[in-house]
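Visitor:
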């Protein structure tokens, strides 16, 4: 189905000075393509983990042409908080809305899309929203669905309301359901794996013709169509495309062409399928002549659903050397593969160890347009443009970074130190919560420079660090922002 896009056309011209000399035309603003995988681990991508059992040639090539960030983080270790932080530049713990009842992004809040739209960009989103709509999950298929992407700066949207295992299953175009979820689909599962792995989805309502196994290719195809259409608009505005894939999140449904391509079962095969989908978008940028002036960013929303038993079974460490998985306060829950390519601006084959967070995209994209963020937007956003451009800084990009687990545990990271104010994973890995016994430390403190796998708890031996980080976290809570 072809896009019927509304494009904002604008033109700039060089005007002669009073002396008759022509002023140099300002550099064109770059297009931005932000691709987010769903539940993909740091260790799934071979350019981050050479021992990965899943082939990722397109992502590896993207990294060779751009910059790998080895210390990039989601603000939340599950889907919803991670996406809220990305789009708003605000830590998700500051938002107390209930997705079952309401849209999570507040009316009027600046988002990546609204900021870029207001600065001359055409904006589009394809894929998984998962930030709610007005009225919550009680969808009226005959009325506009307010509070979604179309209400927050995206001029075009094609996608789903949530994950591919959460009913009702139907597609949305802009603010309307493509078709009502009028039929019922039984639950799906796979033998030999945990209940939330494999071909898992929940029973529920489904639109006629909706096929779970076709969604990944459907989304990549829609993204390709948008890129191709933009390529025909040679005199048009720059564009921002947010491609939020619903994979390799469950259900794990690799197409026949990818089955057996990995050595990590259906999950690894699905990762290979995701890599190919990204490759289709990159190919479209090349063939449309847009790649040269397009900043492409690839990452994942949070860690994988991949247990210790899976690591032993397949020899595949989806979280690489990092402890934990999706949902956890440990690094495996929120340390993400992150790649940025911008020909001529980002040095090919480069690597950055700077600590960054998804919340930083809002300030970064504002920086790209040449104007700072409004004071009341992106309260936890710091521009990473200096790092992308290879400029040397005399200070860290961020004072500290806060991560939220699935159970609402807030971990804070500053330099080498990471504080988790409690025991247990705080998420999916068991035990999630541990009560401290008499004489035991009440929380976790790790020196990530020496102990990236978070194996040695230094909470009791460095009380001064615990006190400092606890006070900083409380300051961020109290002041409502971490950006000066």
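In our numbering, the protein residues as written are 10 to 493.
Glycine residues also receive a C-beta, built at the ideal position from the N, C-alpha and C atoms.
All figures in this text were calculated on a predicted structure; none of them were measured in a lab.
1. To the nearest angstrom, how far is the alpha carbon of residue 339 from that of residue 48?
2. Please state if the CB of residue 422 and the CB of residue 364 are separated by a distance shorter than 8 Å.
3. Looking at the unbroken beta strand (DSSP E) that takes in residue 104, where does it start and where does it end?
4. Enumerate, from N- to C-terminal direction, the unbroken beta strand (DSSP E) stretches of 3 or more residues contained entirely within the segment 354-416.
5. Pick out whichever of 435, 440, 470 has its Cα sitting closest to the Cα of residue 449.
6. Tell me whether residue 257 is buried or exposed, calling it buried when 16 or more other Cβ atoms sit within 10 Å of its Cβ.
7. Can you grab the Cα-Cα spacing for the pair residue 483 / residue 419, in whole Å?
8. Quick check: the segment 111-123 against the segment 133-149, are at least 3 beta-carbon pairs closer than 8 Å?
9. Could you tell me the alpha carbon to alpha carbon distance between residue 102 and residue 149, rounded to whole angstroms?
10. Are there three or more Cβ pairs, one per stretch, closer than 8 Å when the segment 120-139 is compared with the segment 69-86?
11. If I measure Cβ to Cβ from residue 407 and keep anything under 8 Å in the same chain, skipping five residues before and after, which residues do I get?
12. Does DSSP put residue 306 in a helix, a strand or coil?
13. Output the distance between the C-alpha atoms of residue 524 and residue 447, rounded to the nearest integer angstrom.
14. Roughly how many angstroms separate the alpha carbons of residue 44 and residue 381, rounded to a whole number?
15. Quick one: what's got a C-beta closer than 6 Å to residue 231's C-beta in the same chain, skipping five residues either side?
16. Would you call the segment 272-292 in contact with the segment 250-264, where contact means no fewer than 3 C-beta pairs closer than 8 Å?
17. Give the C-beta separation of residue 534 and residue 409 to the nearest angstrom, bearing in mind that I take them to be a contact with Cβ-Cβ under 8 Å.
18. Buried or exposed: residue 206, going by 16 or more other Cβ atoms within 10 Å of its Cβ?
19. Hey, how far is the Cα of residue 328 from the Cα of residue 437?
20. Alpha carbon to alpha carbon, how far is residue 252 from residue 472?
21. If you follow the beta strand (DSSP E) that residue 455 is part of, which residue opens it and which one closes it?
22. For the segment 266-273 against the segment 207-214, do three or more pairs of beta-carbon atoms, one drawn from each stretch, fall closer than 8 Å, so that the two count as touching?
23. Would you report the Cα separation of residue 94 and residue 100, rounded to the nearest angstrom?
24. Just to confirm the assignment, what range does the alpha helix (DSSP H) spanning residue 80 have?
25. Does residue 97 come out as helix, strand or coil in the three-state DSSP assignment?
26. Tell me, which residues are paired with residue 339 by DSSP?
27. Which runs of the alpha helix (DSSP H) spanning at least 4 residues fall entirely within the segment 430-472, listed in chain order?
28. So does residue 119 have its beta carbon nearer than 7 Å to some heavy atom of the ligand HEM?
Guide: With the structure as the only source:
1. Here residue 339 corresponds to residue number 330 of the chain shown, with the count starting at 1. Here residue 48 corresponds to residue number 39 of the chain shown, with the count starting at 1. Within the model, the alpha-carbon separation for residue 339 versus residue 48 is close to 15 Å.
2. Taking the chain shown and counting its residues from 1, one reaches residue 364 at position 355. Taking the chain shown and counting its residues from 1, one reaches residue 422 at position 413. Yes, Cβ-Cβ distance for residue 364 and residue 422 is below 8 Å.
3. Start at 1 with the first residue of the chain shown, and residue 104 comes out as number 95. Looking at the DSSP string, residue 104 is not in any beta strand (DSSP E), and its letter there is neither H nor E.
4. Complete beta strand (DSSP E) runs here, min 3: 359-361, 410-413.
5. Within the chain shown, the letter at position 440 stands for residue 449. Checking every option, the nearest Cα to that of residue 449 belongs to 470.
6. Residue mapping note: residue 257 aligns to position 248 of the chain shown, counting from 1. Its Cβ being crowded by 16 or more others within 10 Å, residue 257 is buried.
7. Mapped onto the chain shown, residue 483 falls at position 474. Mapped onto the chain shown, residue 419 falls at position 410. Each residue's alpha carbon lies about 11 Å from the other.
8. yes
9. Here residue 102 is taken as the residue at index 93 of the chain shown, counted from 1. Here residue 149 is taken as the residue at index 140 of the chain shown, counted from 1. Each residue's alpha carbon lies about 29 Å from the other.
10. In the pairwise beta carbon analysis, the segment 120-139 is classified as not touching the segment 69-86: fewer than three pairs are separated by under 8 Å.
11. Start at 1 with the first residue of the chain shown, and residue 407 comes out as number 398. Same-chain partners within the cutoff: 364, 365, 366, 369, 391, 491.
12. Position 297 of the chain shown, counted from the start, is the residue given in the question as residue 306. Here residue 306 sits in strand by DSSP.
13. Absent from the structure is residue 524, since the part of the chain shown begins at 10 and ends at 493.
14. On the chain shown, residue 44 is found 35 positions in, with the first residue counted as 1. On the chain shown, residue 381 is found 372 positions in, with the first residue counted as 1. Residue 44 and residue 381: Cα-Cα distance of roughly 24 Å.
15. The residue given as residue 231 occupies position 222 in the chain shown. Same-chain partners within the cutoff: 135, 167.
16. yes
17. One cannot answer for residue 534 here, as it falls past the ends of the chain, which runs 10 to 493.
18. Counted from its first residue, the chain shown places residue 206 at position 197. Residue 206 comes out buried.
19. Position 319 of the chain shown, counted from the start, is the residue given in the question as residue 328. Position 428 of the chain shown, counted from the start, is the residue given in the question as residue 437. Cα to Cα, residue 328 sits roughly 14 Å from residue 437.
20. Here residue 252 is taken as the residue at index 243 of the chain shown, counted from 1. Here residue 472 is taken as the residue at index 463 of the chain shown, counted from 1. Between residue 252 and residue 472, the C-alpha separation is close to 44 Å.
21. Residue numbering aside, residue 455 sits at position 446 when the chain shown is read from its first letter. It spans 453-456 - the beta strand (DSSP E) in which residue 455 sits, taken as one unbroken run.
22. no
23. The residue labelled residue 94 in the question sits at position 85 within the chain shown. The residue labelled residue 100 in the question sits at position 91 within the chain shown. If you take the alpha carbons of residue 94 and residue 100, they lie about 5 Å apart.
24. As a first step, residue 80 must be located in the chain shown, where it is residue number 71. First-last for residue 80: 76-82, but that is the beta strand (DSSP E), not the alpha helix (DSSP H).
25. Residue mapping note: residue 97 aligns to position 88 of the chain shown, counting from 1. Helix, per DSSP.
26. The residue given as residue 339 occupies position 330 in the chain shown. Paired residues: none, contrary to the question.
27. none
28. With respect to the ligand HEM, the structure shown offers nothing to examine, as it has no ligands at all.
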